[in-house]
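Participant:
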Amino acid sequence: MSNQIIELGADEADEAVTLWRSVGLTRPWNDPEADFLRAVGEPSSAVLGLRDAQGSLIGTAMVGDDGHRGWVYYLPVSAEQRDNGLGRHLMQACEEWLTARGAPKIQFMVRNSNEQVLAFYAHLGYEVQECAVLGRRLN
45 MSNQIIELGA
55 DEADEAVTLW
65 RSVGLTRPWN
75 DPEADFLRAV
85 GEPSSAVLGL
95 RDAQGSLIGT
105 AMVGDDGHRG
115 WVYYLPVSAE
125 QRDNGLGRHL
135 MQACEEWLTA
145 RGAPKIQFMV
155 RNSNEQVLAF
165 YAHLGYEVQE
175 CAVLGRRLN
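Throughout, the working numbering is defined as the position within the sequence shown, counted from one, plus 44.
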């Protein structure tokens with residue numbers, strides 16, 4: 045694969061958030077700019093970026109290590125670039141990032157209604173974990 049994945053910096057937040065919004069990844073109750081800046085500002089997390097030959101950001105993956113497991117968030121590929129193996133390339137980069145930090149497991153959340161994305165991850169060998177995700181807003 046000729047596309048190189050690099051860690052993005054704080055100055056690339058607007059570009060990443062524009063991509064996330066363009067593919068319908070954001071939700072009104074989350075602040076994607078704050079999520080991006082929090083991830084790139086901590087040593088235990090990063091936002092990986094994938095650019096095309098013209099330098100446009102065409103994919104991202106937010107990856108982090110909580111000290112027990114690795115997590116992945118915000119992994120889209122631009123609509124025009126899908127079905128080219130780029131999502132697989134991004135997940136592989138996340139696995140390598142986490143492996144280098146000693147994380148024993150990678151996990152992420154996908155909405156149950158998102159059948160296309162669930163099928164994508166199943167194709168990559170990921171399995172639905174038997175657990176419930178519980179949460180509460182702190183702000």
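Here a beta-carbon is modelled for each residue, glycine too, at the ideal position from N, C-alpha and C. What you are looking at is a predicted structure, and each value in this text was computed from that prediction instead of being measured.
Are there three or more Cβ pairs, one per stretch, closer than 8 Å when the region 77-92 is compared with the region 59-66?
Facilitator: Judged by Cβ distances under 8 Å, the region 77-92 makes contact with the region 59-66, as three or more pairs qualify.
Participant: Taking the alpha carbon of S122 as the reference point, which residue from R95, E140 and D110 has its own alpha carbon closest?
Facilitator: Taking the first residue of the sequence shown as position 1, residue 122 is located at position 78. Measuring from the Cα of S122, the nearest candidate turns out to be R95.
Participant: Apply the 10 Å Cβ neighbour rule to M45 and answer buried if 16 or more other Cβ atoms are within range, or exposed otherwise.
Facilitator: Taking the sequence shown and counting its residues from 1, one reaches residue 45 at position 1. In this predicted model, M45 has a pLDDT of only 43, less than 50, meaning its place in the structure is not dependable; the value taken from the coordinates is given anyway. With fewer than 16 other Cβ atoms within 10 Å, it is exposed.
Participant: Which residues mark the beginning and the end of the alpha helix (DSSP H) in which M135 is found?
Facilitator: For the purposes of this step, residue 135 is identified with residue 91 of the sequence shown, where counting begins at 1. Run containing M135: L130 to A144, per the alpha helix (DSSP H) assignment.
Participant: Go through its chain and collect everything with a Cβ distance to M153's Cβ below 7 Å, but skip five positions before and after it.
Facilitator: The count along the sequence shown starts at 1 and reaches residue 153 at position 109. Cβ neighbours of M153 beyond the five flanking positions: V177.
Participant: Rounded to a whole number of angstroms, what is the C-alpha to C-alpha distance between Q48 and E86?
Facilitator: To locate residue 48, count along the sequence shown from 1; it is residue 4. To locate residue 86, count along the sequence shown from 1; it is residue 42. The straight-line gap from Cα to Cα measures roughly 22 Å.
Participant: Does any residue of chain D have a CB that is nearer than 8 Å to the CB of P76?
Facilitator: Among the protein chains of the structure shown there is no chain D, as only one such chain exists.
Participant: Is V84 near G114, with beta carbons less than 8 Å apart?
Facilitator: Walking along the sequence shown from the start, residue 84 turns up at place 40. Walking along the sequence shown from the start, residue 114 turns up at place 70. No, Cβ-Cβ distance for V84 and G114 is not below 8 Å.
Participant: Which runs of the beta strand (DSSP E) at least 3 residues long sit entirely within the region 94-124? Give them in chain order.
Facilitator: For the region 94-124, whole beta strand (DSSP E) runs of length 3 or above, ordered along the chain, are 101-109 and 114-117.
Participant: At which residues does the beta strand (DSSP E) containing Q151 begin and terminate?
Facilitator: As a position in the sequence shown, residue 151 is number 107, starting the count at 1. From DSSP, the beta strand (DSSP E) with Q151 extends over I150 to F152.
Participant: Using DSSP bridges, identify the partner residues of A90.
Facilitator: As a first step, residue 90 is located in the sequence shown; it is residue number 46 there, counting from the start. In DSSP, A90 forms a bridge with V107.
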